[in-house]
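Numbering (the numbering used here), first residue to last: 855 to 940.
Quick notes on the structure that follows.
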Amino acid sequence: MGKLVEISLPDFGGGTSDTLEAIVGCWSVEVGDTLSAGDDLLEIVTDKANFVVPCPCTGVLMGKRVTEEDRVRVGNVIAVMEVQES
855 MGKLVEISLP
865 DFGGGTSDTL
875 EAIVGCWSVE
885 VGDTLSAGDD
895 LLEIVTDKAN
905 FVVPCPCTGV
915 LMGKRVTEED
925 RVRVGNVIAV
935 MEVQES
């Protein structure tokens, strides 16, 4: 078994983490999928634009911590991945 890593919503520009809020659009992947760094994880929607959140590492998606239509802020945990330790 690899190491479990929490994936947080990255800063998608402007404001501070206290004011940056988004709504989860749709997930591009399912639990159990093997992902590479840079693969699309999910789409988030703000009042100004939609953004695709890329996967920051290579591994297996072990869990989603947010669902579609959830409100999230920068820094909130959105997923958990299992990555191989080197």
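Virtual Cβ for every residue (Gly too), placed ideally from N, Cα, C.
If M916 sits next to E897, beta carbons under 8 Å apart, how far is it from one beta carbon to the other, in whole angstroms?
Here residue 916 refers to the residue found at position 62 when the sequence shown is read from its first residue. Here residue 897 refers to the residue found at position 43 when the sequence shown is read from its first residue. Not confirmed; about 20 Å, so no contact.
Cα-Cα, which of D887, G892, V907, E939 is closest to V931?
Within the sequence shown, residue 931 is the residue found at index 77, counting from 1. Out of D887, G892, V907, E939, V907 has the C-alpha closest to the C-alpha of V931.
According to DSSP, is V931 helix, strand or coil?
Indexing the sequence shown from 1 puts residue 931 at position 77. Here V931 carries a strand assignment [DSSP, helix/strand/coil].
Where does D887 sit, in a helix, a strand or coil, going by DSSP?
One-based indexing of the sequence shown puts residue 887 at position 33. Looking at D887 - three-state DSSP - the assignment turns out to be coil, as it is neither helix nor strand.
L858 versus A933: straight-line alpha-carbon distance, rounded
The residue labelled residue 858 in the question sits at position 4 within the sequence shown. The residue labelled residue 933 in the question sits at position 79 within the sequence shown. Cα-Cα distance, rounded: 10 Å.
Span separating the alpha-carbon of C880 from that of G886:
Your numbering for residue 880 matches position 26 in the sequence shown. Your numbering for residue 886 matches position 32 in the sequence shown. Between C880 and G886, the C-alpha separation is close to 17 Å.
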